[in-house]
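For reference, the structure is listed below as structure tokens.
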Amino acid sequence: MKRRRALALGAVVLVAVAVAVAWSLLRPEDEAPEPGAPGEAPAATPEEPGETRRVELFFPGRDGRLHGEERELPRYDEPEAEIAALVEALLAGPLSDDLWPPLPRLMPAAGDGGATAATAGDRQQDGLGDATAAAAPPPPATGVGVGEVYLLDDVAVVDLVAPAGPPAAGARQEEMMLYSLVNSLLLNTSQASRVIVLWNGQQPVTFAGHVDAARPLRPNCDLIAPPRPAGCADGVG
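Residue numbering for the sequence shown follows my numbering, starting at 1265 and increasing by one per position.
What follows is the structure, given as structure tokens:
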């Protein structure tokens, strides 16, 4: 009796296995597993088409101050992508004819990669805060792009890549160049409070001999012309 029950149970198991095998072989090829099934990598969340965010970029003016210019930039899920988009928009230059690009031109690097010293003629041609400035701002520096961008805790690291060394500049011009980028980035990004600026993968001690770039930089709101943006405390942060 027990032997008959065992044989019957074995037959049932064999039938169940056969049905399962047949179902797996006959299952339609286009029948996909449910999303989120175990062992599957989660699908990347696509950006919403046309979704943008309003930012304020800061460009040098003839008065030796930084002036805000509002833009609509694409919104990204990754903060590094948003930072890169900010820098790319800044390097493209201002829309207003009254403002200057942050990098008006490039000069050959001297020595170990530092910028060449600016002559009086250079400073007059750069024109920032100089009453003798040329009537028209210079075009943005060509060939400068955004390399690697990443976050180290609250520090954003931005690598600018270019075929030459940083622009020659006087003290004010160097401040305008660096803090145009630093203020534009940090006043539009909640994930970072300081910035390290690299040039062709290297962190210069200084870009033109006046501003200490060997440390992470914080916003400098003293350089921004009134009215200053919300959330921008007076002085260097």
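We put the beta carbon where it would ideally sit given N, CA and C, even for glycine.
(1) Do the stretch 1461-1468 and the stretch 1344-1356 meet, that is, are 3 or more Cβ pairs less than 8 angstroms apart?
(2) Measure the C-alpha to C-alpha separation of G1325 and E1439 and round it to an integer number of angstroms.
(3) Let me make sure I understand the geometry here. Which of L1415, P1468, A1433 and V1410 has the alpha-carbon closest to that of Q1455?
(4) In angstroms with no decimal places, state the Cα-to-Cα distance between A1494 and L1450.
(5) Any chance you could list the alpha helix (DSSP H) runs of at least 4 consecutive residues sitting entirely within the stretch 1404-1433, in chain order?
(6) Which value, in whole angstroms, describes the spacing of the CA atoms of A1472 and I1347?
(7) Over the uninterrupted beta strand (DSSP E) stretch that includes E1334, give me the two end residues.
(8) Beta carbon of V1410, beta carbon of P1480: below 8 angstroms?
(9) Tell me which same chain residues have a C-beta within less than 6 angstroms of the C-beta of I1488, skipping the five on either side of it?
Well, looking at it:
(1) No, the stretch 1461-1468 does not touch the stretch 1344-1356.
(2) For the purposes of this step, residue 1325 is identified with residue 61 of the sequence shown, where counting begins at 1. For the purposes of this step, residue 1439 is identified with residue 175 of the sequence shown, where counting begins at 1. Cα atoms of G1325 and E1439: separation of roughly 12 angstroms, rounded to the nearest angstrom.
(3) By 1-based counting over the sequence shown, the position of residue 1455 is 191. Comparing Cα-Cα distances from Q1455 to each of L1415, P1468, A1433 and V1410, the minimum goes to L1415.
(4) Translated into the one-based positions of the sequence shown, residue 1494 becomes position 230. Translated into the one-based positions of the sequence shown, residue 1450 becomes position 186. Rounded to the nearest whole angstrom, the CA to CA distance from A1494 to L1450 is 12 angstroms.
(5) Within the stretch 1404-1433, complete alpha helix (DSSP H) segments of at least 4 residues are not found at all.
(6) As a working note, residue 1472 is residue 208 in the sequence shown. As a working note, residue 1347 is residue 83 in the sequence shown. The straight-line gap from Cα to Cα measures roughly 24 angstroms.
(7) Taking the first residue of the sequence shown as position 1, residue 1334 is located at position 70. Looking at the DSSP string, the run of the beta strand (DSSP E) that includes E1334 is L1330 to P1338.
(8) Residue mapping note: residue 1410 aligns to position 146 of the sequence shown, counting from 1. Residue mapping note: residue 1480 aligns to position 216 of the sequence shown, counting from 1. Contact: no.
(9) What you label residue 1488 is simply residue 224 of the sequence shown in a count that begins at 1. Cβ neighbours of I1488 beyond the five flanking positions: L1330.
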